[in-house]
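Notes follow once the structure below has been shown.
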Amino acid sequence: MAYDFLDAYEKSWDALYKQKGFVLRHSIDPIIPLVSRTLDKKGIRSILSMPCGEFTNELHLMQQGIHVDGIDISPRALELAEEKCRKAGLSNYSLGQGSVFDMTENNRQAILCIDFFVQFPYSKIKEILRKFHTILIPGGMLFANFCDPSDSTFGVGKVIGRNEFLLPNGIMMKYTTKQKAEQLVINAGFHLRTAKKYTNKEKSHNSFRKGATNQSGEPYQEPAHTHVKHFMILEKAEP
Ligand SMILES: C[S@@+](CC[C@H](N)C(=O)[O-])C[C@H]1O[C@@H](n2cnc3c(N)ncnc32)[C@H](O)[C@@H]1O
1132 MAYDFLDAYE
1142 KSWDALYKQK
1152 GFVLRHSIDP
1162 IIPLVSRTLD
1172 KKGIRSILSM
1182 PCGEFTNELH
1192 LMQQGIHVDG
1202 IDISPRALEL
1212 AEEKCRKAGL
1222 SNYSLGQGSV
1232 FDMTENNRQA
1242 ILCIDFFVQF
1252 PYSKIKEILR
1262 KFHTILIPGG
1272 MLFANFCDPS
1282 DSTFGVGKVI
1292 GRNEFLLPNG
1302 IMMKYTTKQK
1312 AEQLVINAGF
1322 HLRTAKKYTN
1332 KEKSHNSFRK
1342 GATNQSGEPY
1352 QEPAHTHVKH
1362 FMILEKAEP
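When we follow this note's numbering, the leftmost residue of the sequence shown carries the number 1132, and every step to the right adds one.
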């Protein structure tokens, strides 16, 4: 399968964020308070958020006193993030535009990666995990999630591979079982400290899946839906 559409992600995502009234998420991901508590316990006061999107989750962490460095491929997402921080009167953040595949850092204590692996095939997920492994210092933490095949959006879009669907907006959805997710992170050199299956009820995301059909060929009218995800707290093994 050729995943050429991945090369156009900057444009695809930017076009989405530019749509009037577009809402990526209505509230923070329910796992974020656990991220904040874990950082607190470990005494970590700064985190890299990759990709940060429009900074909804990150705002919560900043309000707990954590410094967030956000990176995203979409310039428009970063404008929205900047606006959100300004409105909240918060300054403990930095923003930068870029792709995960071009990152060259190697001294981070923690990385937050929410709703990202769901957009990539396994070959790319492996590459991203390797990249995160390089970016983190030994003992550094990665907070990441995967989307399970029991997610209520499973089957929306054109089938392009096993558990893989392409949406009309040019973004793919990849659903991963707990077993496979664990295999991917462990093979990338991480210790699995916590794995937690959780659900996240969402209102319609307006146009995120606009124009998609379900597997019976009927137009998908996005209702409120329930995401089923696997959250993992990972630690880079000490050498
Ligand atoms: C589903 S959103 C998640 C955003 C944020 N983590 C959240 O949970 O709200 C996926 C994000 O990935 C960004 N993105 C896509 N490809 C990327 C890449 N190669 N490098 C960095 N960001 C990318 C998109 O612009 C989008 O903001």
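Even for Gly, the Cβ is constructed at its ideal location relative to N, Cα and C.
Please read these numbers as outputs of a predicted model, since none were measured by experiment.
| Asked | Found |
| --- | --- |
| Heavy atom of ligand 1 within 7 Å of Cys1183 beta-carbon | yes |
| Cut-off 7 Å between Cβ atoms - residues of its own chain near Gly1227, not counting five sequence neighbours on either side | Ile1202 |
| Reduced DSSP secondary structure (H/G/I, E/B, other) of Gln1228 | strand |
| Nonlocal neighbours in the same chain, by C-beta distance under 6 Å from Phe1277, ignoring five residues either side | Phe1248, Thr1307, Ala1312 and His1361 |
| Cβ pair count under 8 Å reaching 3, the segment 1235-1244 against the segment 1287-1300 | no |
| Distance CB(Leu1190)-CB(Val1166) smaller than 8 Å | no |
| Val1154 beta carbon near ligand 1 (any heavy atom closer than 7 Å) | no |
| Arg1261, buried or exposed, once every other Cβ within 10 Å from all chains shown has been counted against 16 | exposed |
| Spatial distance of Gly1174 from Phe1285 (CA atoms) | 38 Å |
| Test item: CB-CB of Ala1212 and Glu1185 under 8 Å | yes |
| Span of the beta strand (DSSP E), counted from its first residue to its last, around Lys1298 | Note on residue identity: the sequence assigns Leu, not Lys, to residue 1298. Segment: none, Leu1298 is in no beta strand (DSSP E) and carries neither H nor E. |
| Lys1334 - containing alpha helix (DSSP H), residue span | Note, Lys1334: premise wrong, no alpha helix (DSSP H); not H, not E. |
| Residues that DSSP places opposite Gly1271 in a beta bridge | Note: Gly1271 sits in no beta bridge, so no partner. |
| Residues that Glu1366 bridges to, as DSSP identifies them | Met1272 and His1322 |
| Simplified DSSP assignment, three categories, for Arg1156 | coil |
| Through-space distance from Gln1250 to Thr1344, alpha-carbon basis | 18 Å |
| Beta-bridge partners of Arg1239, as assigned by DSSP | Leu1267 |
| Alpha-carbon spacing of Ala1133 relative to Pro1252, whole angstroms | 10 Å |
| Residues near Val1290 in its chain [Cβ-Cβ closer than 7 Å; skip 5 each side] | Phe1296 |
| Short Cβ contact (8 Å threshold) for Ala1368 with Gly1320 | yes |
| Ile1266 and Met1234 closer than 8 Å at C-beta | yes |
| Distance, Ser1180 Cα to Gln1150 Cα | 23 Å |
| Paired residues, beta bridge with Cys1278 - DSSP | Lys1360 |
| Cβ separation of Leu1365 and Leu1323, assumed to be a contact under 8 Å, to the nearest whole Å | 6 Å |
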